[in-house]
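Numbering (full-length UniProt numbering), first residue to last: 1 to 621.
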């Protein structure tokens, strides 16, 4: 009902079919009676005058007697009858108008109550933050707004279905499940031929993204009225839109969570790009995709790909070449429909009808771009670009972290080489030089006449042999410490077990390994823990003079993985050696602590002269 702004209109009563229309002269009944009180006596006076002046004189005395008798005996009742009949007609007309107004008011009140109920449910929909809350609001709100006995919501197919019911008996819930299964098979709601009481059940199909995903069913004690049907239709449509939005938000959050977890867990850039590309393609429902990274020459190299590609085409593209090259050069998200042959350059777009590009860049430089493709020429939509661009930011972060990690590894390798050179120069090289001098001395002693220096030469030769043996042991320790460790191949605990077995044989030290369980750690966290363990064991072999070492691997109460190395050696004062490099290619205690703390973990070292040493490190999962 539309209302115009301005002065209020006088309410009008609309005649319904079969109902007498109100008189156009009809006004207030009170006003009409006041008017009748004036003209009705005048009319009677006029009639009496006409009778007395014109009708009575027409005859004799007998005529005058009967004329007077008949006139006055009929005039009063006739006037009374006509007056009351007129009043009755007006009252009847007013009563009908009032009844219609009451009916319209009741209808308006019901409509207002219905709209208020729908508004309350839609407000609750708007406040819902997740799909579970939306389902709960829909079950309770639709039941209350439509006056139904109960409501069932079913999402997904058999074997992977979310069901929410409100106010239904078990057999009605089973009936709703049957209706949903039939709906998913037939693609349309059940007709009257369904079992049970179909006339008292309203059903609606739920379409998300153009796909049939489930159904909504409300059960009534009696056949629903048109108002109930309309309110059910409105709320079912509203629920479908809100639930789809909630599911989309949940899916986006899960995708971001998976991307973040992948970045934390995977250290290999190629595998990480494959994982992030797969997640992005799944979110955009793409058939093919690729990650191009710019090299030092400005070429776009295809580093990860998935989908139906044409392998005969080259993987490297120049900036500005085809859709991919132009998208990377513009550094802005783009959607292209109906790709032409000149745009389908590269293996990713070989069979593409539409494509989507997401730039990968930092504030300073272009890293590359992510390209998604689909055979449908109008598959991608710009509405999805903000979230997909956010995912591309995760890919950029992964590339930037990988490059920073590679640079840090290269720097660490350079530092390791410098440390190894210092260790060899300060250790093995000096021992060998000292041994060479000793051997020269032995030669001169043996050259003395009469064998005078023979006894001293033998003693010096024995000392030289001892020095050389120590140098050999040092070289072997260095080689053992520098050998490659394949954590990914054997796993963290098995690699430690293999290392302990080889270590015991190499250094003639008894080692006891205890495994108390370990949480699932990322590859980087495992590498940090193993590096600390390896360095602690190297220190034991080189400095501790221990006979027994206890190694414990386990999980802390706050779900952190830890490793502990305890020896019964000579110990030391930690304050005197905190920054010293402790073995070939090794770490000082300060560097050990920094590596653990960089992963959000804790590092402890306990030692004192003559009391052995304990090294403890823990990192979160």
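Just so you know, even glycine gets a beta-carbon here, dropped at the ideal spot from N, CA and C.
Distance between residue j and residue i (C-alpha atoms, nearest Å)
i           : j           : result
residue 623 : residue 374 : Nothing about residue 623 can be read from this structure; the chain reaches only from 1 to 621.
residue 454 : residue 545 : 34 Å
residue 191 : residue 203 : Per-residue confidence for residue 191 stands at a pLDDT of 49, beneath the threshold of 50, marking its modelled position as unreliable; no derived number is given.
residue 563 : residue 533 : 7 Å
residue 399 : residue 531 : 25 Å
residue 71  : residue 102 : 46 Å
residue 281 : residue 306 : 9 Å
residue 140 : residue 201 : 16 Å
residue 194 : residue 517 : Because residue 194 carries a pLDDT of 45, less than 50, the predicted location of this residue cannot be relied on, and the following value inherits that uncertainty. If I take the Cα positions, the gap works out to 57 Å.
residue 353 : residue 324 : 14 Å
residue 46  : residue 99  : 39 Å
residue 476 : residue 442 : 27 Å
residue 242 : residue 487 : 47 Å
residue 328 : residue 285 : 22 Å
residue 413 : residue 465 : 34 Å
residue 596 : residue 132 : 40 Å
residue 40  : residue 91  : 19 Å
residue 547 : residue 522 : 33 Å
residue 590 : residue 364 : 33 Å
residue 54  : residue 88  : 34 Å
residue 271 : residue 253 : 22 Å
residue 389 : residue 343 : 21 Å
residue 478 : residue 528 : 20 Å
residue 138 : residue 217 : 11 Å
For residue j and residue i, believed in contact at Cβ under 8 Å, the rounded distance
i           : j           : result
residue 291 : residue 319 : About 16 Å; that fails the 8 Å criterion.
residue 493 : residue 549 : The pair is not a contact, with the Cβ atoms about 17 Å apart (cut-off 8 Å).
residue 618 : residue 556 : 6 Å
residue 246 : residue 134 : 5 Å
residue 459 : residue 446 : Actually they are not in contact, since the Cβ atoms of residue 459 and residue 446 sit about 12 Å apart, beyond 8 Å.
residue 304 : residue 366 : Not a contact, Cβ separation roughly 17 Å.
residue 498 : residue 504 : Actually they do not touch by this definition, with Cβ atoms about 11 Å apart.
residue 396 : residue 362 : 7 Å
residue 79  : residue 44  : 6 Å
Proximity of residue i and residue j at Cβ, strictly below 8 Å
i           : j           : result
residue 269 : residue 402 : yes
residue 569 : residue 613 : yes
residue 238 : residue 380 : no
residue 338 : residue 386 : no
residue 391 : residue 250 : no
residue 348 : residue 288 : yes
residue 561 : residue 604 : no
residue 276 : residue 299 : no
residue 177 : residue 206 : no
residue 551 : residue 615 : no
residue 573 : residue 609 : yes
residue 50  : residue 67  : no
residue 565 : residue 537 : yes
residue 156 : residue 213 : yes
residue 507 : residue 541 : yes
residue 227 : residue 109 : no
residue 136 : residue 179 : no
Nonlocal neighbours in the same chain, by C-beta distance under 7 Å from residue i, ignoring five residues either side
i           : result
residue 149 : 167, 219, 220 and 221
residue 234 : 118
residue 321 : 345
residue 470 : 431
residue 173 : 152 and 165
residue 474 : 427 and 428
Contacts around residue i, its chain only, beta-carbon distance under 6 Å, and the 5 residues preceding and following it disregarded
i           : result
residue 359 : 331 and 369
residue 417 : none
residue 601 : 618 and 619
residue 357 : 327, 334, 369 and 371
residue 611 : 571
residue 525 : 599 and 619
Short CB-CB distance (under 8 Å) between residue i and chain C
i           : result
residue 154 : In the displayed structure, chain C is absent; only one protein chain is listed.
Beta-carbon contacts of residue i that lie in its chain and below 8 Å, excluding the five residues immediately before and after
i           : result
residue 231 : 114, 117, 118, 145 and 146
residue 467 : 431, 434, 435 and 438
residue 279 : 255, 258, 259, 262 and 391
Residue i CB to nearest heavy atom of the ligand SAH below 7 Å
i           : result
residue 593 : With respect to small molecules bound, the structure shown includes none, and the ligand SAH cannot be examined in it.
| field | alpha helix (DSSP H) runs contained entirely in the region 485-523, provided each spans 4 or more residues | value | 487-490 and 492-507
| request: Within the region 320-348, note down every full alpha helix (DSSP H) run reaching 4 residues or more, in order along the chain. | output: 322-330
| field | Complete alpha helix (DSSP H) runs within the region 17-102 (minimum length 4 residues, chain order) | value | 29-50
| request: Counting only runs of 4+ residues fully inside the region 397-484, write out the alpha helix (DSSP H) ranges in chain order. | output: 430-446 and 454-482
| Runs of beta strand (DSSP E) wholly within the region 276-318 (minimum 3 residues, chain order) | 288-294 and 299-307
| query | Going along the chain, which unbroken runs of the beta strand (DSSP E) with 3 or more residues stay wholly within the region 223-264? | reply | none
| Sequence ranges, beta strand (DSSP E) only - wholly within the region 128-176, length at least 3 | 150-155 and 162-166
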